[in-house]
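Asker: In our numbering, the protein residues as written are 1 to 145.
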Ligand SMILES: NC(=O)c1ccc[n+]([C@@H]2O[C@H](COP(=O)([O-])OP(=O)(O)OC[C@H]3O[C@@H](n4cnc5c(N)ncnc54)[C@H](OP(=O)(O)O)[C@@H]3O)[C@@H](O)[C@H]2O)c1
């Protein structure tokens, strides 16, 4: 939500699709998007959803929280959509010293040219999550003090 806010993305009346229904990401994200402050129309998709690409193509705002490397392809994304990639996946990469690289749930190279905005992995939702955790910790400490 902070990423959307600071990027000036209006959620009011937007069609939002969240892929993933976990208690830690998918459901809370959907609840925040549908809240009266945000006013998006929200669809939550999951592993039993039928025709996921068609559901995703409806989205003005697409949130991927699945844990499947580069699952979301360019033809799943409406041109001009905003894409937030929550996924963190470790895939083998012999060219790296570590033998692996991190990638998101979105095929960034092919999806990015279609989007109005997109978060990279690494360097997108991860650092924002840490920043928000610090903010919440500070707020909690102030409330105690
Ligand atoms: N950046 C961050 O700070 C941060 C924080 C937390 C998590 N993550 C990452 O976010 C991703 C999701 O985390 P999570 O804890 O929500 O994972 P999770 O508990 O495994 O949930 C994954 C969700 O994706 C759905 N799913 C799995 N395969 C699918 C498919 N082929 N098509 C459609 N939906 C599918 C599952 O559906 P079912 O419910 O039907 O099984 C489930 O609802 C992971 O990569 C995790 O590492 C990142």
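Backbone N, C-alpha and C define an ideal beta-carbon position, used for all residues, glycine too.
Quick caveat, the model's predicted, so the values are computed rather than measured.
Which of helix, strand or coil does DSSP assign to residue 137?
Answerer: Residue numbering aside, residue 137 sits at position 137 when the chain shown is read from its first letter. Helix.
Asker: How about residue 63 and residue 116: are their beta carbons less than 8 Å apart?
Answerer: In the chain shown, residue 63 corresponds to position 63, counting from 1. In the chain shown, residue 116 corresponds to position 116, counting from 1. No.
Asker: Quick check on the DSSP output: the beta strand (DSSP E) that includes residue 15 runs from which residue to which?
Answerer: To locate residue 15, count along the chain shown from 1; it is residue 15. Counting along the chain, the beta strand (DSSP E) containing residue 15 begins and ends at 15-19.
Asker: Give a yes or no on contact between the segment 36-46 and the segment 72-89, applying the rule of three or more CB pairs nearer than 8 Å.
Answerer: The segment 36-46 is not in contact with the segment 72-89.
Asker: Could you give the DSSP three-state label for residue 92: helix, strand or coil?
Answerer: Position 92 of the chain shown, counting from 1, holds the residue named residue 92. It is a strand residue.
Asker: Grab the span of the alpha helix (DSSP H) containing residue 54 for me, first residue to last.
Answerer: Indexing the chain shown from 1 puts residue 54 at position 54. Run containing residue 54: 52-57, per the alpha helix (DSSP H) assignment.
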